[in-house]
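Everything on this sheet refers to the single structure shown next.
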Amino acid sequence: MAQSPPPSAACKVRRRLLAALPAFGLLTLQGCTPPAPLVIAAHTWPGYEFMFLARDLGWLGTSGVSLTRTSSATESIRELEQGRVDGAALTLDEVLRVRASGTALTIVLVFDISAGADVVLARGNIEALPALRGRRIGVESGTVGALMLRKLMVAAELQDADIIAEALPADEHLGAWQAGRLDAIVTYEPTATLIEQTGARRIFDSRMFPPLVIDVLAVRREILHARRDDLRALARAHFRALRHFTRHRLDAAHRLAARMKLSPEGVLDTYRGLELPDVAQNRDLLGGTAPRLAPTLAEVSRLMLELGSLPHADKLAGIVSDVALPQGNFQ
Amino acid sequence: MMALSALWLLPGTHPAAAASGDTDLTIGVVKNHSPDVTLRQMQTLADYLSAGLGDTRVSLRVMDLDEIDAASARHQLDFLLTSPSQYVQLKRRNGLSGALATLVAGEGGKPLSAIGGAIVVRADRNDIRTLADLATRRIAAAAPQSLGGYQAQLWALHDAGLPLPNAGQIEFAGLPQDRVVDLVLRGKADAGFVLGGIVEEMVRNGRLEPDALKFINAQALPDYPYTVSTYLYPQAPFVVLPHVSESLSRRVAALLLSMPAQPDGSGNHYAFTIPADYAGVEEIMRELRLPPFDTLPRFGLHDVWHQYQWEMLAASSAAFVIATLVLMLLLRNREIRYMAQHDALTGLANRALFTDLVASTIAAARRDHGVLALLLIDLDHFKSVNDTLGHAAGDVVLAQFASRLRSAIRESDTAARIGGDEFMVLLRNVHDAADALRVAEKIRAVSKQPVVTERQTVTLSVSIGVALYPEHGSGLEDLSRRADEAMYQMKTAGRDAVALYRPAPPQPPADAASAA
Chain A
1 MAQSPPPSAA CKVRRRLLAA LPAFGLLTLQ GCTPPAPLVI AAHTWPGYEF
51 MFLARDLGWL GTSGVSLTRT SSATESIREL EQGRVDGAAL TLDEVLRVRA
101 SGTALTIVLV FDISAGADVV LARGNIEALP ALRGRRIGVE SGTVGALMLR
151 KLMVAAELQD ADIIAEALPA DEHLGAWQAG RLDAIVTYEP TATLIEQTGA
201 RRIFDSRMFP PLVIDVLAVR REILHARRDD LRALARAHFR ALRHFTRHRL
251 DAAHRLAARM KLSPEGVLDT YRGLELPDVA QNRDLLGGTA PRLAPTLAEV
301 SRLMLELGSL PHADKLAGIV SDVALPQGNF Q
Chain B
1 MMALSALWLL PGTHPAAAAS GDTDLTIGVV KNHSPDVTLR QMQTLADYLS
51 AGLGDTRVSL RVMDLDEIDA ASARHQLDFL LTSPSQYVQL KRRNGLSGAL
101 ATLVAGEGGK PLSAIGGAIV VRADRNDIRT LADLATRRIA AAAPQSLGGY
151 QAQLWALHDA GLPLPNAGQI EFAGLPQDRV VDLVLRGKAD AGFVLGGIVE
201 EMVRNGRLEP DALKFINAQA LPDYPYTVST YLYPQAPFVV LPHVSESLSR
251 RVAALLLSMP AQPDGSGNHY AFTIPADYAG VEEIMRELRL PPFDTLPRFG
301 LHDVWHQYQW EMLAASSAAF VIATLVLMLL LRNREIRYMA QHDALTGLAN
351 RALFTDLVAS TIAAARRDHG VLALLLIDLD HFKSVNDTLG HAAGDVVLAQ
401 FASRLRSAIR ESDTAARIGG DEFMVLLRNV HDAADALRVA EKIRAVSKQP
451 VVTERQTVTL SVSIGVALYP EHGSGLEDLS RRADEAMYQM KTAGRDAVAL
501 YRPAPPQPPA DAASAA
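As given, the protein sequences belong to chains A and B, one line each in that order. Each residue of the first sequence is one higher than the one before, counting from 1 in the numbering used here. Each residue of the second sequence is one higher than the one before, counting from 1 in the numbering used here.
Now the structure itself:
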């Protein structure tokens, strides 16, 4: 389904004038069709929830932004590539993969940086990392899983051939663990807490290597400037909800609990493993002449090339932009 | 070091607390519930602390918020367990340190670390359904410093963009919070702002019918056991007042945090955990300008500037530009009008202006039966001056003459340049011909003063014809014709003279007209 073209700048100006001064009624809005909303796809992941919290609390308001919930990153990517949505919440490696397949994307917001939210859990009889030799490890197929596994192998001083990796989609992790056939599992929140509650021990997590697992909002490059106002409204709403989480933690935890199907304590536990960059940190990551996200993107691209998940290295042209970030002192 | 401090905490091995004069400690507890209920609930805390501290007796006083305020100031209390809002207020005023711990209450076996505010109305009130319906209603609230029984609800209204109730609408029922519910039930108030959980507790105790009240703006919080209408906020803080010694505070804090869950007498348990973050509470108090943040101006000029600086700059530049343009326009208009009504060379009124002036002056004179005089002035031989000396010199002569003319007439008179070398003067405030002729003579005299031009000095003379209103005519046309006739006669007679019009007698002419 094709989307109607975004309104021209002149159309927007006319619309605003008309709203502000009915005396300008002589101006006609002929040719100004009501703009289609900016559509963003996101599956369930703690870092993406603030947009939805903002929507629940009425902070997206009458802005032209619409959020749509998908069941997985794969679905979000499909919507994006087929032009049904304007942007999606994805991890860095997913962004690079979509760009490699021909859709030009730009990262406009960093939702979270995994600082412990991605974990390797093991049965009680595995005391140290080298004890993983010969064991069966469940892992989601995809770059994050592969990345975690790669880092785990390096830390355990093992080769890929020294372990048995079993590919498991995220929604099967808990079931497979309870079935008993896995010795260890590479997983993430909120499943990680649930598995931990059955007695599994955390033997490795994303704090043990520099930040690589990062979740961002990526939009199609062509709408970057045309829908800048809507992107700014969305970013503002996200930061407002993030601030609510900081200032009114209990209230936010209760509201997120219903959505994430956890208890409020579980919600707070989940976020313990995530670094949530504020506006200033986002500016640092995405803006200026040397955005801090660039070297991270380069390393992820290199890793993916080695793993064979990227056909060629991404030149990273136009991959980040700070155009959606609030100006000045956003408190 | 660690071992030493552990020793320190054991009762009996520390220097007597009497050294700092506080063997008896009092905890002020806010009476959200009825005093004996609170006392029963919290007595276990006092006993536990007494036992833990050894030779110190800890007692409780259950008070309302004003009493806590006063007693704290007079050092009659050493610790408080009170509303987070009162904590923020006292912290600001008295410079309290942070809270030592935060309460964790129990409800149905689950620990409750948050409180919220509820807004209730009688179930039969179909006219109040949403927050917006609360405008202009009578509202009962617990107390001004109560978070769950007032401030949380204010914030919910503020957040929804609704106006806050004014002082006249609110009645503070005082603590315990049941009083708020009573006022609503009895119809003394349309709505009640009450701590979340009080209604449920009253129903449980049989003091309230389950369906007597309904909640406004109920929040969807499935994990929270009570119905609330506001955000959730941290539980009550356990606060130490500044006059208590540090060593004693430390011991109390350690005891609280390691206290096993105590029964509260109604089947639930309570305990303490590390202090919560009350910054959110402080923030809403600031935004709502509640004490102690009410001394700041509501929205002073400074705030206006800060918030709207770009708009203000743009507006004032725009205003400045517009003002300048308007001013220029007005000045230009004035200029144009002036030029349309005056002779450019001499600055005297032109024919158009003069005609209007005469008409309006005659109209006034008709009403008042006044007398006016019209003088018609002709410069003798001006044409030859122009031809001989040139137009530039001629202009100088005319301009000079005009200024002399102005000097010779009075404020109330008007001079005008009608044609090339023809001038007219309207004299107001004359009584008779004699007055008019006197002025005319004066003009004739000043005209004779030499005019210096580039080439040479010129001496002028003028011929002046005088006509009177209403005697010689009723309008400018008549008067100017008569004056002209008088002047013409005189010109033929020799010029440089003043002549008053005399109607030609029906008989053959007698003497030639002469100046009076």
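All C-beta atoms in this analysis are idealised placements derived from N, C-alpha and C, irrespective of residue type, glycine included. What you are looking at is a predicted structure, and each value in this text was computed from that prediction instead of being measured.
Nearest residue (CA-CA) to residue 180 of chain B, options B:161, B:151, B:210, B:120: Counted from its first residue, the second sequence places residue 180 of chain B at position 180. Ranked by Cα distance from residue 180 of chain B, the options B:161, B:151, B:210, B:120 are led by B:120.
is_contact[residue 258 of chain A, chain B] using C-beta, thresh 8 Å: On the first sequence, residue 258 of chain A is found 258 positions in, with the first residue counted as 1. Interface residue, yes.
Closer than 8 Å to chain A by CB, residue 395 of chain B: Position 395 of the second sequence, counted from the start, is the residue given in the question as residue 395 of chain B. Taking Cβ atoms only, chain A never reaches closer than 8 Å to residue 395 of chain B, which makes this a no.
At least three beta-carbon pairs within less than 8 Å, the region 110 to 122 of chain A to the region 202 to 221 of chain A: yes
Counted within 10 angstroms of its Cβ, other Cβ atoms place residue 23 of chain A as buried (16 or more) or exposed: Numbered from 1 along the first sequence, position 23 holds the residue referred to as residue 23 of chain A. Unreliable placement is indicated for residue 23 of chain A, whose pLDDT of 48 sits below 50; the coordinate value is still reported in the next sentence. By the neighbour-count rule (16 or more Cβ atoms within 10 Å), residue 23 of chain A is not buried but exposed.
Coarse secondary structure for residue 106 of chain A, derived from DSSP in three states: Along the first sequence, one-based indexing puts residue 106 of chain A at 106. In this structure, residue 106 of chain A counts as strand in the three-state DSSP scheme.
Opening and closing residue of the beta strand (DSSP E) in which residue 214 of chain B lies: Residue 214 of chain B sits at position 214 when you count from the first residue of the second sequence. Where residue 214 of chain B is concerned, the enclosing beta strand (DSSP E) stretches over 213 to 215.
Residue interval of the beta strand (DSSP E) (run including residue 215 of chain A): What you label residue 215 of chain A is simply residue 215 of the first sequence in a count that begins at 1. Counting along the chain, the beta strand (DSSP E) containing residue 215 of chain A begins and ends at 214 to 220.
Same chain, Cβ closer than 8 Å to residue 342 of chain B, five either side skipped, listed in chain order: Numbered from its first residue, the second sequence carries residue 342 of chain B at position 342. Contacts found: 348, 349, 350, 353.
Proximity test, Cβ basis, 8 Å: residue 247 of chain B and chain A: The count along the second sequence starts at 1 and reaches residue 247 of chain B at position 247. Chain A, which has no Cβ nearer than 8 Å to the Cβ of residue 247 of chain B, makes this no.
Continuous alpha helix (DSSP H) stretch holding residue 272 of chain B: start and end: Looking up residue 272 of chain B in the second sequence gives position 272. From DSSP, residue 272 of chain B is part of no alpha helix (DSSP H) but of the beta strand (DSSP E) over 269 to 273.
Proximal chain B residues relative to residue 264 of chain A, where beta-carbon distance stays under 7 Å: Within the first sequence, numbered from 1, the residue matching residue 264 of chain A stands at position 264. Chain B residues near residue 264 of chain A: 223.
Beta-carbon gap between residue 152 of chain B and residue 64 of chain B smaller than 8 Å: Residue numbering aside, residue 152 of chain B sits at position 152 when the second sequence is read from its first letter. Residue numbering aside, residue 64 of chain B sits at position 64 when the second sequence is read from its first letter. Taking 8 Å as the Cβ cut-off, residue 152 of chain B and residue 64 of chain B do not qualify as a contacting pair.
Any C-beta of chain B under 8 Å from that of residue 251 of chain A: Taking the first sequence and counting its residues from 1, one reaches residue 251 of chain A at position 251. Taking Cβ atoms only, chain B reaches closer than 8 Å to residue 251 of chain A, which makes this a yes.
Beta-carbon proximity list for residue 315 of chain A, same chain, < 6 Å, skipping 5 on both sides: Your numbering for residue 315 of chain A matches position 315 in the first sequence. Result list for residue 315 of chain A: empty, nothing under 6 Å.
Closest by C-alpha distance to residue 207 of chain A, when choosing among A:122, A:272, A:277: Position 207 of the first sequence, counted from the first residue, corresponds to residue 207 of chain A. Per the Cα distances, A:272.
Whole-number beta carbon distance between residue 106 of chain A and residue 320 of chain A, since they are thought to touch under 8 Å: Here the question's residue 320 of chain A lines up with position 320 in the first sequence. Here the question's residue 106 of chain A lines up with position 106 in the first sequence. About 7 Å separates the two Cβ atoms, so the contact holds.
Within chain A, the residues that residue 157 of chain B reaches when beta carbons sit closer than 7 Å: Residue 157 of chain B sits at position 157 when you count from the first residue of the second sequence. Neighbours of residue 157 of chain B on chain A: none; closest Cβ ~14 Å, over 7 Å.
Cross-chain neighbours of residue 247 of chain A in chain B, by beta carbon under 7 Å: Mapped onto the first sequence, residue 247 of chain A falls at position 247. Per Cβ cutoff of 7 Å: 279, 280, 283.
Buried versus exposed call for residue 455 of chain B [16 or more other C-beta atoms within 10 Å across all chains shown]: The sequence position of residue 455 of chain B within the second sequence is 455, counting from 1. Answer is exposed; the Cβ neighbour count stays below 16.
Selection from B:294, B:126, B:122 that minimises the alpha carbon distance to residue 184 of chain B: On the second sequence, residue 184 of chain B is found 184 positions in, with the first residue counted as 1. Checked all of B:294, B:126, B:122; the closest Cα to residue 184 of chain B is B:122.
Cβ separation of residue 149 of chain B and residue 141 of chain B, assumed to be a contact under 8 Å, to the nearest whole Å: The residue labelled residue 149 of chain B in the question sits at position 149 within the second sequence. The residue labelled residue 141 of chain B in the question sits at position 141 within the second sequence. Correct: roughly 6 Å between the Cβ atoms.
Extent of the continuous beta strand (DSSP E) run through residue 170 of chain B: The sequence position of residue 170 of chain B within the second sequence is 170, counting from 1. Residues 170 to 172.
Ranges of the alpha helix (DSSP H) found wholly within the region 431 to 486 of chain B, counting only runs of at least 4: 433 to 447
Own chain partners of residue 62 of chain B with C-beta closer than 6 Å, once the 5 adjacent residues on each side are dropped: Taking the second sequence and counting its residues from 1, one reaches residue 62 of chain B at position 62. Residues 29, 31, 35, 38, 39 of the same chain have their beta carbon placed closer than 6 Å to that of residue 62 of chain B, with the five preceding and five following residues left out of the count.
Other residues of its chain near residue 212 of chain A: CB distance less than 7 Å, five sequence neighbours each side excluded: The residue you call residue 212 of chain A lines up with position 212 of the first sequence. Same-chain partners within the cutoff: 147, 296, 299, 300.
Distance between residue 307 of chain A and residue 124 of chain A (C-alpha atoms, nearest Å): Numbered from 1 along the first sequence, position 124 holds the residue referred to as residue 124 of chain A. Numbered from 1 along the first sequence, position 307 holds the residue referred to as residue 307 of chain A. Spanning the two alpha carbons is a distance of roughly 31 Å.
Chain-ordered neighbours of residue 220 of chain B on chain A, where CB pairs are closer than 9 Å: Residue mapping note: residue 220 of chain B aligns to position 220 of the second sequence, counting from 1. By Cβ distance, chain A contributes 56, 255, 258.
Closer than 8 Å to chain A by CB, residue 113 of chain B: What you label residue 113 of chain B is simply residue 113 of the second sequence in a count that begins at 1. Yes, because at least one Cβ of chain A sits closer than 8 Å to the Cβ of residue 113 of chain B.
Between the CA atoms of residue 460 of chain B and residue 500 of chain B - distance to the nearest angstrom: Translated into positions along the second sequence, residue 500 of chain B becomes position 500. Translated into positions along the second sequence, residue 460 of chain B becomes position 460. Taken atom to atom, the span from the alpha-carbon of residue 500 of chain B to that of residue 460 of chain B is near 21 Å.
Opposing strand residues paired with residue 342 of chain B [DSSP bridges]: Stepping through the second sequence from its first residue, residue 342 of chain B is reached at position 342. For residue 342 of chain B, which the question treats as bridged, DSSP gives the partners B:349.
Residue 234 of chain B: contacting residues in chain A (beta-carbon distance under 7 Å): Position 234 of the second sequence, counted from the start, is the residue given in the question as residue 234 of chain B. Result: 250.
Within the region 144 to 176 of chain A, ranges of the beta strand (DSSP E) (whole runs, at least 3 residues): The region 144 to 176 of chain A contains these whole beta strand (DSSP E) runs: 164 to 167.
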